[in-house]
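In the numbering used here, the protein residues as written are 19 to 171. Here the structure is laid out as structure tokens; the discussion comes afterwards.
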């Protein structure tokens with residue numbers, strides 16, 4: 019009876035995330051916007067795995083130490099939010115249809131973003147890497163206990 023009762027339970031089925039209407043170079047570093055405080059970032063991580071690129075705003079049931087600071091800096095339209103990411107490699111920014119138009123206007127106003135694709139309300143930007151030396155690896159070592167992994171100036 020317990021086996022039948024257990025098998026009778028039906029949980030909610032999650033829809034697979036909508037695929038991006040454009041492709042991103044494999045191995046690229048990507049910020050998929052909007053970023054949220056919870057499960058909403060799982061879609062970005064899922065699509066990154068399928069697309070073979072690295073996403074900044076993934077979800078693994080916890081938030082990395084820099085995540086709150088990054089969200090706040092982006093909400094306040096602070097361009098320095100991108101600096102630590104751009105020091106490593108080019109940063110591709112995916113703008114989904116539910117991103118506020120004011121944010122898109124602000125991003126367009128920065129001096130060096132390159133709008134690569136404009137597909138209706140979907141957009142893809144490339145922010146070039148900062149610095150002249152060879153690019154650093156996108157793979158970061160785990161921080162030591164108490165060490166800050168990423169800081170926004």
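For each residue, glycine too, the CB sits at the ideal point set by N, CA and C. Please read these numbers as outputs of a predicted model, since none were measured by experiment.
C-alpha distance - residue 147 paired with residue 40, whole-angstrom precision: 21 Å
Sub-7 Å separation of residue 143 and residue 101 beta-carbons: No; because the gap between Cβ atoms is not below 7 Å, this pair is not in contact.
To the nearest angstrom, how far is it from the Cα of residue 75 to the Cα of residue 128? Between the C-alpha atoms of residue 75 and residue 128 there is a straight-line separation of about 21 Å.
Taking only the alpha-carbon atoms, compute the straight-line gap between residue 138 and residue 114 and give it to the nearest angstrom. 10 Å
Taking 7 Å as the cut-off, decide whether the C-beta atoms of residue 47 and residue 109 are in contact. yes
Count the other CB atoms within 10 Å of the CB of residue 162; is the residue buried (16 or more) or exposed (fewer)? exposed
Assuming the contact rule is C-beta atoms closer than 8 Å, residue 38 and residue 103 should be a hit. Round their C-beta distance to whole Å, please. Not quite, the Cβ-Cβ distance comes to about 19 Å (not below 8 Å), so this is no contact.
Expressed to the nearest angstrom, what Euclidean distance is found between the alpha-carbon atoms of residue 131 and residue 71? 19 Å
Could you check the C-alpha separation between residue 99 and residue 25 for me, to the nearest Å? 48 Å
Pairwise C-alpha distance: residue 73 and residue 117: 17 Å
Beta-bridge partners of residue 143, as assigned by DSSP: Its beta-bridge partners are 111, 133.
Restricting to runs no shorter than 3 residues, where is the beta strand (DSSP E) found entirely within the region 41 to 95? 47 to 51
If you measure between the beta carbons of residue 86 and residue 42, is that distance less than 7 Å? Cβ atoms of residue 86 and residue 42: not closer than 7 Å.
With DSSP collapsed to three states, give me the class of residue 31. coil
Taking the alpha-carbon positions, what's the residue 31 to residue 58 distance? 15 Å
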